[in-house]
Each structure stands twice: as structure tokens, then as C-alpha cells.
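>
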Ligand SMILES: Nc1ncnc2c1ncn2[C@@H]1O[C@H](COP(=O)(O)OP(=O)(O)OP(=O)(O)O)[C@@H](O)[C@H]1O
Ligand SMILES: [Mg+2]
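Numbering (the numbering used here), first residue to last: 45 to 372.
This is the structure:
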């Protein structure tokens with residue numbers, strides 16, 4: 045796991061700044077989907093692999109992200125996180141397998157209005173001001189008149205850039221560019237929000253208020269798929285997919301992943317599932333009774349079976365962190 049400089053594992057601190065949370069109606073497809081169909085996945089990957097030349101960088105990924113969930117992809121540099129989210133955003137295609145967003149096979153042009161995507165590398169017009177960038181992207185997304193100016197004002201307040209909106213983006217710092225990219229991804233209030241390392245270079249206070257907004261968006265019906273290296277951020281996701289060397293090595297809530305591995309931190313859990321992938325489990329550690337195999341069976345954690353190379357899904361639930369401290 046790389047440490048991302050000042051982000052590292054620094055915890056959010058201080059009071060959240062005043063912010064304007066947008067209340068928006070759920071898109072029609074989501075309203076229908078959540079009516080008695082809350083388990084229908086908003087995002088689904090079936091046997092997805094991606095090859096560049098001779099190198100296969102994603103191997104047989106099977107994943108479901110449910111509607112209104114905040115799903116985090118956690119993994120070290122080069123694991124394949126960006127490659128995966130780009131395919132969900134419809135910007136790339138799998139070499140094998142299928143990607144669906146809201147039941148629609150991707151890539152699909154008509155889904156682009158439903159998806160907000162914040163790339164890992166900022167895609168901004170450097171020679172324009174922030175305001176001009178926002179005007180441009182808002183128009184691309186079909187926002188007009190009062191709705192457009194209201195929305196631009198809201199997202200700029202959220203990312204704390206209102207006073208800098210007239211500056212050229214070329215004069216922005218790295219963190220300011222990240223914040224502007226996030227503002228642009230949020231502009232058209234998409235039903236699916238894909239964020240590739242959204243808070244890199246953003247200070248803890250602002251990160252806290254951005255997280256509050258992401259959680260509010262999830263409550264209002266948005267599905268979020270994000271990538272991160274940062275453990276304290278991963279712990280706030282409703283569910284996580286741990287990815288290493290192009291393989292999804294485990295999925296579950298942060299609590300489930302920790303508990304089933306018999307460890308006390310996500311860091312340790314990540315190392316544990318990495319080891320599990322390499323070979324049979326050798327036995328438990330810590331004071332929990334039973335072997336690690338037994339703990340894995342008694343959780344909702346999905347992991348790759350070390351020998352058969354397939355996911356296993358077990359029955360007995362452990363504590364649901366989204367109802368406790370983790371999901372906030
Ligand atoms: N267009 C490309 N052509 C060739 N190889 C690529 C391409 N894009 C990604 N890769 C390779 O795929 C692997 C996964 O890259 P990816 O960017 O998905 O990793 P990541 O998990 O997002 O890493 P980071 O945390 O550093 O952003 C890397 O080995 C990378 O070199
Ligand atoms: Mg990446």
C-alpha cells in the first residue's frame with residue numbers, strides 16, 4: 045500500500061465548514077430500482093479482464109455495487125483501480141467480460157448523463173478560469189440559466205473555491221485542481237458517481253466536509269464508486285473491494301473484512317487477504333476461537349478461494365458497520 049504523502053492515515057479533525065447540501069429528486073430509474081428492488085446492483089462486473097498488449101492488468105473481476113452504496117476500491121499503486129473504474133465510466137472496454145451500469149451494458153453513450161466521473165488526473169482547461177470551466181461543463185451536461193448558476197454556486201461552496209472562481213486554473217495548486225474536478229463531477233447531480241482518488245491533496249478539514257457531502261448524496265439516492273489508498277477513508281465506505289495485482293481479493297464491509305480476517309485494522313486485513321490468495325490459510329491469530337477458515341465461513345466476506353480460484357460467499361452475518369460506527 046503506498047502512502048499518499050500528507051494524506052497518509054491522518055484523521056479528519058476540526059469542525060466541518062458551512063456547506064450547502066443539495067437536495068435533489070432521485071432519478072426515475074433509481075426510484076424504480078429502489079422500490080422493492082433494493083438489491084438490484086447499480087453497477088455489475090461479470091468476469092471482467094483487461095489486457096494491454098501482452099499484459100493482463102485485471103483478471104476475471106466479478107463485482108456488484110448496490111444502489112445508493114458508497115463502495116470503495118482499496119489497493120496499492122498499479123493494482124488496477126483506475127483501469128476498473130474507467131470501464132465502469134464507459135471510457136474503456138474490457139478485453140473479456142461485461143460491465144453494466146443500471147442494467148445497461150457499458151460503454152453506452154446514453155448512460156454518460158447518468159454518470160459523474162472524476163478522473164485521477166485532472167481533465168481541466170488550464171487556460172480558462174474555474175468559472176469558465178464550470179460554465180463549459182455545465183453546458184455540456186445541459187444545465188441552463190438559473191439552474192446552472194445555482195448549481196455552480198453550490199458545488200463551488202462545497203469544495204471551498206468560491207473566492208477563487210475567477211482565477212485561471214493554471215494558477216491553481218494541485219489540491220485546488222482536485223477540488224475543481226470534484227465540483228465538475230457533481231455538477232449535473234448524476235445517479236452514479238465515480239471518483240478516482242478524490243481527496244488526494246485535499247486538507248483534512250475540507251476532506252471532512254466533502255465526505256459529509258458524499259454521505260448525504262448516498263442518502264439521497266446516489267451510488268458512489270471510489271478508489272482510495274487511504275485506510276481511514278476506506279473505513280468510511282459502506283463496502284470495500286480489496287484489489288491487488290489485478291485481482292479482487294476480498295469484498296465486504298470494513299467491519300466484516302477486519303472481523304473475518306481476525307485482525308484489528310484494514311491494513312492488516314489487506315495483508316491477510318493477500319496472503320490468503322497466495323495459498324491455504326495456516327490458522328488463526330489473535331484471541332478469537334476457531335481458525336481463520338472458520339471465521340471466513342461465518343461472515344459475509346467474499347474472497348477468492350485460494351485453490352479453486354472462485355469467490356466463496358458465506359452465510360452468518362457479522363455486525364453491520366453501516367448501522368454502527370463505520371458507515372457514519
Ligand atoms: N493505457 C495503458 N497501457 C498500458 N498499460 C496500462 C495502461 N493503463 C494502465 N496500465 C497498466 O495497468 C496496471 C494498472 O494500472 P492502474 O492505473 O489501473 O492502477 P491503479 O491501481 O489505479 O494505480 P494508482 O494507485 O497508482 O493510481 C499498471 O501496471 C499500469 O501500468
Ligand atoms: Mg489509479
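Heads up, the beta-carbon is just placed ideally off N, CA and C, and yes, glycines get one too.
Which residue wins for smallest C-alpha separation from residue 144, given the options 87, 182, 241 and 104?
The sequence position of residue 144 within the chain shown is 100, counting from 1. It is 87.
> With distances taken from CA atoms, which of 122, 289, 285 and 214 is nearest residue 170?
Locating residue 170 in the chain shown gives position 126, counting from the first residue. The shortest Cα separation from residue 170 among 122, 289, 285 and 214 belongs to 214.
> Over the uninterrupted beta strand (DSSP E) stretch that includes residue 246, give me the two end residues.
Within the chain shown, the letter at position 202 stands for residue 246. That residue, residue 246, is in no beta strand (DSSP E); it is neither H nor E in DSSP.
> Using the Cα positions of residue 146 and residue 111, report the straight-line distance between them to the nearest angstrom.
Here residue 146 refers to the residue found at position 102 of the chain shown. Here residue 111 refers to the residue found at position 67 of the chain shown. Each residue's Cα considered, the two are about 9 Å apart.
> Just checking: is the beta-carbon of residue 87 within a distance shorter than 8 Å of some beta-carbon in chain C?
Here chain C cannot be found, since the structure has a single protein chain.
> Taking the alpha carbon of residue 136 as the point to measure from, which residue in 217, 345, 316 and 161 has its own alpha carbon closest?
Stepping through the chain shown from its first residue, residue 136 is reached at position 92. Looking at the Cα atoms, 161 is the closest of the given residues.
> Pair every Cβ in the segment 175-185 with every Cβ in the segment 206-225, then say whether three or more of these pairs are closer than 8 Å.
Taking 8 Å as the limit for Cβ pairs, the verdict is that the segment 206-225 does touch the segment 175-185.
> Thinking residue 129 and residue 271 are a contact (beta carbons under 8 Å), I'd like their distance in whole angstroms, please.
As a working note, residue 129 is residue 85 in the chain shown. As a working note, residue 271 is residue 227 in the chain shown. At roughly 6 Å, the Cβ-Cβ gap stays under 8 Å, so residue 129 and residue 271 are in contact.
> For the segment 137-167, which segments carrying the beta strand (DSSP E) assignment without a break, of at least 3 residues, lie completely within its bounds, in sequence order?
You should have 140-145 and 159-162.
> Quick one: Cα of residue 224 to Cα of residue 253, how far?
Here the question's residue 224 lines up with position 180 in the chain shown. Here the question's residue 253 lines up with position 209 in the chain shown. If you take the alpha carbons of residue 224 and residue 253, they lie about 15 Å apart.
> Out of 277, 193, 268 and 248, point me to the one whose CA is closest to residue 309's CA.
Position 265 of the chain shown, counted from the start, is the residue given in the question as residue 309. Closest by alpha carbon: 277.
> Which of helix, strand or coil does DSSP assign to residue 103?
Residue 103 sits at position 59 when you count from the first residue of the chain shown. Strand.
> Exposed or buried, what is residue 285 when buried is set at 16 or more other beta-carbons lying within 10 Å of its beta-carbon?
Walking along the chain shown from the start, residue 285 turns up at place 241. When all chains shown are included, residue 285 counts as buried.
> Could you tell me which of 193, 157 and 163 sits nearest to residue 184, measuring between CA atoms?
In the chain shown, residue 184 corresponds to position 140, counting from 1. Ranking the options by Cα distance to residue 184, first place goes to 157.
> Starting from residue 180, trace the alpha helix (DSSP H) in both directions and tell me its first and last residue.
Working through the chain shown from its first residue, we reach residue 180 at position 136. Run containing residue 180: 174-184, per the alpha helix (DSSP H) assignment.
> Return the Cβ separation of residue 124 and residue 287 in integer angstroms, given the expectation that the two are a contact with Cβ distance under 8 Å.
Against the chain shown, residue 124 aligns to sequence position 80. Against the chain shown, residue 287 aligns to sequence position 243. Correct: roughly 6 Å between the Cβ atoms.
> Pull the bridge partners of residue 110 from the DSSP assignment, please.
On the chain shown, position 66 is the one that residue 110 refers to. Answer by DSSP bridge pairing, in chain order: 85.
> Taking all protein chains shown into account, decide if residue 251 is buried (16 or more other Cβ within 10 angstroms of its Cβ) or exposed.
Counting from one through the chain shown, the residue named residue 251 turns up at place 207. Buried, since its Cβ has 16 or more Cβ neighbours within 10 Å.
> One question on the structure: do residue 227 and residue 249 come within less than 8 Å of each other, judged by their Cβ atoms?
Locating residue 227 in the chain shown gives position 183, where the first residue counts as 1. Locating residue 249 in the chain shown gives position 205, where the first residue counts as 1. Contact: no.
> Identify every residue that forms a DSSP beta bridge with residue 291.
The sequence position of residue 291 within the chain shown is 247, counting from 1. The partner list for residue 291 (beta bridge, DSSP) reads 288.
> Per DSSP, what kind of secondary structure is residue 266 in: helix, strand or coil?
Within the chain shown, residue 266 is the residue found at index 222, counting from 1. Here residue 266 sits in coil by DSSP.
> For ligand 1, is there any heavy atom lying closer than 7 Å to the beta carbon of residue 316?
Here residue 316 refers to the residue found at position 272 when the chain shown is read from its first residue. Checking the Cβ of residue 316 against ligand 1 gives no.
> To which residues of the same chain is residue 85 closer than 7 Å at the C-beta, ignoring the five residues directly before and after it?
As a position in the chain shown, residue 85 is number 41, starting the count at 1. Answer for residue 85: 108, 109 and 110, listed in chain order.
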